[in-house]
Structure formats: C-alpha cells, structure tokens
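Enquirer: Sending over a structure as structure tokens; questions will come in a sec.
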Amino acid sequence: MELPWNMVVVTGVPGVGKTTLCRSVSKDLKYNYINYGDLMLEIAESRDLASTDLQMFSLDFEIQHEIWKSAALKIKDMKRVIVDLHGVDQSKIGYIISLPVEIIKPDIILVIESSKDKIFRQRNEDAKKRINDTIESLTEHMDVLRNMMASCSAILGCNFAILKNDNFEECLIQMKNILSTIN
Amino acid sequence: MELPWNMVVVTGVPGVGKTTLCRSVSKDLKYNYINYGDLMLEIAESRDLASTDLQMFSLDFEIQHEIWKSAALKIKDMKRVIVDLHGVDQSKIGYIISLPVEIIKPDIILVIESSKDKIFRQRNEDAKKRINDTIESLTEHMDVLRNMMASCSAILGCNFAILKNDNFEECLIQMKNILSTIN
Amino acid sequence: MELPWNMVVVTGVPGVGKTTLCRSVSKDLKYNYINYGDLMLEIAESRDLASTDLQMFSLDFEIQHEIWKSAALKIKDMKRVIVDLHGVDQSKIGYIISLPVEIIKPDIILVIESSKDKIFRQRNEDAKKRINDTIESLTEHMDVLRNMMASCSAILGCNFAILKNDNFEECLIQMKNILSTIN
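Protein chains in written order, with the working numbering: chain A, 1 to 183; chain B, 1001 to 1183; chain C, 2001 to 2183.
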C-alpha cells in the first residue's frame, strides 16, 4: 500500500495520550515514528551537552533553540513519517510554538484533544508529566494549541484534523482512517 | 458611487445562507459576483475533465488543486468583486483552507455564521448540502473556519468581520452597510 | 539587571486596563514605554495633519496607514521597550490588526483580558473609551484579538502569554514575573 501522507505532525498537550496513539498507528500503518523531544536529546547527547531532558532544558536558550533547529533539519526530508511533538509549549513565561514551520512542511497536522479529567489523571500517573496545572490554565493551553495549529495549517495550506482521545480504541481507528486515506 | 472594496471574500459553512446573501448584496451594490466552486467547474468543463461537481471532486487531488489555482489566478486582478467560497472545507480527512491567500489578497474577509439549528434545517432542504453532520462536528467546523479566516486577516493585514445570519433581512442590511462604507 | 526581552508588545481591548499595567511595569522594571496611539498622534502633529485623536482618525485612510507605518519604523529597532497597542481595532466595518508584524518583531506578545463587567465599568468611567458595545460584540472582539495575536506568535515564533486583569495587583505581579524572567 502506498501511504498517502509523507509528513504527519501530531500535537497535543502533555497527558493527552499522543505518544501511545502515534506509536500504535506507526506500527500498524508502517509509518516511521519520530519523537521530536527524543531526537533533540539525542542531538544534545551526541554533542556532550546533556544526557537527560532536565539537563537539556537547563541549557542556555540559544543552545536549546539551535538543537531544536538541528532536529527540524534532520526531519524535514523524511518520508512517511509521523512526528510527535507538543506543538505549543507552556511555561511560566507563556506559550511558544514548537513546530518549526519554517523548516518542516507537514501534509497534515493533527491535534489530539481529550477531556480535562482524563488529562489530569494521566499526568498524575506519569512522573515525567507531573505538572502543577489548573483547569483554567489547561483550558487556555488547549485553546492556544488549537489556534496556533489552525494558523499553521492555514499558512502552509495543509490538512488539519482534531481528534478526541476520550476512548483510545475509537481514536486509534479514526486516526488510522485519516492516515490511510488517499489525500 | 465609488465602491470602497475591490476584493471581498465571503466565507461560511454549507447551509449558512452565504450564497443568497452574496447574490443580493452584489445585485444591490453593483458588485461582481463570483462563486468559486462554479468557476472551478467551468474550468474543469472547458478542459473536458468534469461536467458535475461530483465528477470534479472525484478527480485526482493534484488536478483538483491545479483547477483551484487556475480559478484563483482568474479572480486575483478582478475589481469590485464578491468572491463566495467556503473558506475551509471539511471532509473525512479533516479541514483544509480553500482561500488561496498566496494568490488572492482580499480587502476584507467576511465570515457568515448562524444558529446550528438554522444550518441543519437549511441542509435538510437542500439536496446538494445533505451532509451527515453532528452538532459537535459543526461547532468544530465553525470554530476552525473563524480561526483560519482570522489568521488570514492577520497575515494579510486586511479587514475581518463576522456576521450573524439569524435573520436574513438584518444580516443583509449589516452586510450592505459594511460593503458600502468607505474604507 | 539585564532585561530578558527587548521588544514586548502588550495588547487588549479598550477598558481592560492595559495602559495602567504597562506604565507600572515599565517604571518598576525600567523598560521604555511606548504608547502606539500617542506616537501616531505625535507624528501627525509634527506634519501639521492633526492635533487630536479625533482629527487623526478622520484623516484619509491612506494617510492614517502611512502614519501607522512610520510609527512602526520608529519603534522597530528600540531596545527594552514595552509597546502598548490594541492589537486588533474594532469598528463598524469589522476588525483590523493594528500590530505591524511586517515591521515590528516582538520577543513576546501579551494579551490582557478581564471580566466583561470590569471592562464595561471602566469604559463608562473613561470618556475617551465611551463605546456603545454589547456583551456579544465584546466577547467576539476578545476572541478575535486572542486568535489574531496567537497567529502572530505562531508566525513570528515569539512567546505569547494571556494575563487576566481581574485583580490589578495580582496581574501586575504576574506581568512583572514574566517580563523579568530570563528568556
């Protein structure tokens, strides 16, 4: 089977279940799977700059930015790839887009959403995602993510879909339907 | 009377009453009226590629895209024109912008909205617009349309207005007020 | 102390308390403060075109646009500056972005929001901001502002934060925290 999409970008707030979905779909539909954060860490390790996420995110902002760009350049010409990234990062100084639209031109951008309850439960189970967050702040983050990804889709002229991950199996089927449909 | 706007783009989801409004305003204010979909079909017909919408939308995606671009190139230098198009198309693979911002630079983008009830009633009456849709999916479509058109307006630096078509006569007056106001 | 941001853009609808916040933060953190509207009026005055806001906004649209661009060119290379502007202007012909993204490249865009009640109370107290507005129209304006500023942030790759000014002291602390944090 010829896969219809060369570059798929999958975004979502931490705890939404994005990575589990991406890994399942990649395996089932034979897409290459790239975790953007893991690739950044690999690059940082290869340059002896950091060996953990915590170390990497403590690096000088300019250096982090350079690693982020290097990762984008590695991804940009890949074929049949699902790129798993937040899309928009939230920190104490607000939001910043983490999709490098200048370099990576996806054929489709997916935003995974789910109920706030489910996201909070997931974050509590996952030490890495233990974020001190309120319902207001999560609502705002999800709104900004949807906004910014829709903007990117409008600018790039690429497809855009929002998937609800309230039931994993249903969301998986929906995602597989989209990613196996001839564009 | 000198018309204040050369290029007016009017968008809205199917069933919102966009075309009826555009035709009335064009007639009353002496704008040229262009239906983007009809123009695409004309181009497809002139090339012996399709003679119905259904045939056109069954063409290879690359060919559809080429027809879409040809239509944009025909419209781009027109004067005093109202261009009637969806703005954002919804399909089983998500959303895609249908306003070719690279080619057409509107002076103003209008988004027509109305109550979901009214939209569903209209779609049931109109065989061509018989879309199997839920309230959630329609809400999302309207949200994505507003988002993407606001992005286009921000990028192009053009005016942007949202009109509620809950009462046809009132909406018509509002639209005529905007489109006869000196910019 | 080295300030982390060179170009800060602060936006919000009239009556949200933006200017009071900007002036306090500028004073406390030693940022330069620029009111975009005041700068436009200065330029208009220096060219003998207008001596009040009302006169300026009655000028030919082309001339207003030229003054708007001149103001942007004056601001663009400034350092450690807080630029106070609406972000999106609302008028009887809809919305138009007032942030000149082609010229001014902020490091961070802030959107100040507050409860609609508070905004209406403030507008009633302030003769200059006496705007005949409904709750629906204000809600729409705030939504469009957030949308367009998020788009600008996505395009420019700059930080983006939304601050709630329901309690002035709390909002001031939050804004000072963001604007004194090393980026």
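All C-beta atoms in this analysis are idealised placements derived from N, C-alpha and C, irrespective of residue type, glycine included.
Quick check on B/Leu1138: buried or exposed, where buried means 16 or more other Cβ atoms within 10 Å of its Cβ?
Expert: Taking the first residue of the second sequence as 1, we reach residue 1138 of chain B at position 138. Its Cβ being crowded by 16 or more others within 10 Å, B/Leu1138 is buried.
Enquirer: Going along chain A in order, which residues have a C-beta closer than 9 Å to the C-beta of B/Tyr1095?
Expert: As a position in the second sequence, residue 1095 of chain B is number 95, starting the count at 1. Here the neighbours are Ala150, Ser153, Asn159, Phe160, Ala161 and Ile162.
Enquirer: State yes or no: is the beta carbon of A/Ile108 nearer than 8 Å to at least one beta carbon in chain B?
Expert: Counting from 1 along the first sequence, the entry for residue 108 of chain A is found at position 108. A/Ile108 counts as touching chain B.
Enquirer: To the nearest angstrom, how far is it from the Cα of C/Trp2005 to the Cα of B/Arg1080?
Expert: Position 5 of the third sequence holds residue 2005 of chain C. Position 80 of the second sequence holds residue 1080 of chain B. If you take the alpha carbons of C/Trp2005 and B/Arg1080, they lie about 44 Å apart.
Enquirer: What are the boundary residues of the beta strand (DSSP E) that includes B/Ala1154?
Expert: Counting from one through the second sequence, the residue named residue 1154 of chain B turns up at place 154. Careful: B/Ala1154 lies outside any beta strand (DSSP E), inside the alpha helix (DSSP H) at Ile1135 to Leu1156.
Enquirer: Measuring alpha carbon to alpha carbon, tell me which residue in B/Ala1154, B/Ile1119 and B/Leu1054 is nearest C/Leu2099.
Expert: Residue mapping note: residue 2099 of chain C aligns to position 99 of the third sequence, counting from 1. Out of B/Ala1154, B/Ile1119 and B/Leu1054, B/Ala1154 has the C-alpha closest to the C-alpha of C/Leu2099.
Enquirer: With a threshold of 8 Å on Cβ separation, who are the neighbours of B/Met1056 within its own chain once the five nearest residues in sequence on each side are excluded?
Expert: Counting from one through the second sequence, the residue named residue 1056 of chain B turns up at place 56. Cβ within range, chain order: Met1040, Leu1041, Ala1044, Leu1049, Ala1050, Gln1064 and Ile1067.
Enquirer: Measuring CA to CA, which of B/Val1008, B/His1141, B/Ile1093 and B/Ile1096 is closest to B/Ser1114?
Expert: One-based indexing of the second sequence puts residue 1114 of chain B at position 114. Among B/Val1008, B/His1141, B/Ile1093 and B/Ile1096, the Cα nearest to that of B/Ser1114 is on B/His1141.
Enquirer: Going along chain B, which residues have a C-beta under 8 Å from A/Asn147?
Expert: For this step, residue 147 of chain A is matched to residue 147 along the first sequence. The contacting residues are Asn1147.
Enquirer: Please report the residue range of the alpha helix (DSSP H) in which B/Ser1026 lies.
Expert: Here residue 1026 of chain B corresponds to residue number 26 of the second sequence, with the count starting at 1. Looking at the DSSP string, the run of the alpha helix (DSSP H) that includes B/Ser1026 is Lys1018 to Leu1029.
Enquirer: Going along chain B, which residues have a C-beta under 8 Å from A/Thr181?
Expert: In the first sequence, residue 181 of chain A corresponds to position 181, counting from 1. In chain order: Lys1092 and Ile1093.
Enquirer: State yes or no: is the C-beta of B/Tyr1033 within less than 8 Å of the C-beta of B/Ser1026?
Expert: Position 33 of the second sequence, counting from 1, holds the residue named residue 1033 of chain B. Position 26 of the second sequence, counting from 1, holds the residue named residue 1026 of chain B. Yes; because the gap between Cβ atoms is below 8 Å, this pair is in contact.
Enquirer: Quick one: any contact between the stretch 165-175 of chain A and the stretch 1158-1172 of chain B, if contact means 3 or more CB pairs under 8 Å?
Expert: These segments do not touch.
Enquirer: Is B/Asn1165 helix, strand or coil when you go by DSSP?
Expert: Residue numbering aside, residue 1165 of chain B sits at position 165 when the second sequence is read from its first letter. Note: B/Asn1165 maps to coil in three-state DSSP.
Enquirer: Where does C/Thr2052 land, buried or exposed, given buried means 16+ other C-beta within 10 angstroms?
Expert: For this step, residue 2052 of chain C is matched to residue 52 along the third sequence. Flag for C/Thr2052 reads exposed.
Enquirer: Looking at chain A, is there any beta carbon in it that lies within less than 8 Å of the beta carbon of B/Val1144?
Expert: Counting from one through the second sequence, the residue named residue 1144 of chain B turns up at place 144. Yes, because at least one Cβ of chain A sits closer than 8 Å to the Cβ of B/Val1144.
Enquirer: Could one say the Cβ of A/Glu140 lies closer than 8 Å to chain C's Cβ atoms, at least one of them?
Expert: Against the first sequence, residue 140 of chain A aligns to sequence position 140. By this cut-off, A/Glu140 is an interface position.
Enquirer: Report the option in C/Leu2110, C/Asp2133, C/Val2111 and C/Asp2038 whose CA atom is closest to the CA atom of C/Arg2121.
Expert: Residue numbering aside, residue 2121 of chain C sits at position 121 when the third sequence is read from its first letter. Nearest option by C-alpha distance: C/Asp2133.
Enquirer: Please compile the residues from chain C whose C-beta is within a distance smaller than 9 Å of the C-beta of B/Ile1178.
Expert: Here residue 1178 of chain B refers to the residue found at position 178 when the second sequence is read from its first residue. Chain C residues near B/Ile1178: Lys2092, Ile2093 and Gly2094.
Enquirer: Taking buried to mean at least 16 other C-beta atoms within 10 Å of its own C-beta, is C/Asp2077 buried or exposed?
Expert: As a working note, residue 2077 of chain C is residue 77 in the third sequence. Counting Cβ neighbours within 10 Å, C/Asp2077 comes out exposed, since fewer than 16 surround it.
Enquirer: What is the C-beta distance between B/Met1149 and B/Thr1011, in whole angstroms, given that I count them as a contact (C-beta under 8 Å)?
Expert: In the second sequence, the residue the question calls residue 1149 of chain B occupies position 149. In the second sequence, the residue the question calls residue 1011 of chain B occupies position 11. The Cβ separation is near 6 Å, so the contact holds.
Enquirer: Exposed or buried, C/Lys2030, counting other C-beta atoms within 10 Å across all chains shown (16 or more means buried)?
Expert: Counted from its first residue, the third sequence places residue 2030 of chain C at position 30. Burial call: exposed.
Enquirer: Have a look at B/Leu1054, B/Ile1108 and B/Ala1072 and flag the residue whose alpha-carbon is nearest the alpha-carbon of C/Ile2093.
Expert: Along the third sequence, read from residue 1 onward, the residue named residue 2093 of chain C stands at position 93. Closest option to C/Ile2093, Cα to Cα, is B/Ile1108.
Enquirer: Where does the unbroken beta strand (DSSP E) through B/Ile1093 begin, and where does it stop?
Expert: On the second sequence, position 93 is the one that residue 1093 of chain B refers to. First-last for B/Ile1093: undefined, no H or E at that position.
Enquirer: Go ahead and pull the three-state DSSP assignment for A/Ile103.
Expert: Along the first sequence, read from residue 1 onward, the residue named residue 103 of chain A stands at position 103. Three-state result, A/Ile103: coil.
Enquirer: Go ahead and pull the three-state DSSP assignment for A/Met1.
Expert: By 1-based counting over the first sequence, the position of residue 1 of chain A is 1. Because A/Met1 carries a pLDDT of 42, less than 50, the predicted location of this residue cannot be relied on, and no value is offered for it.
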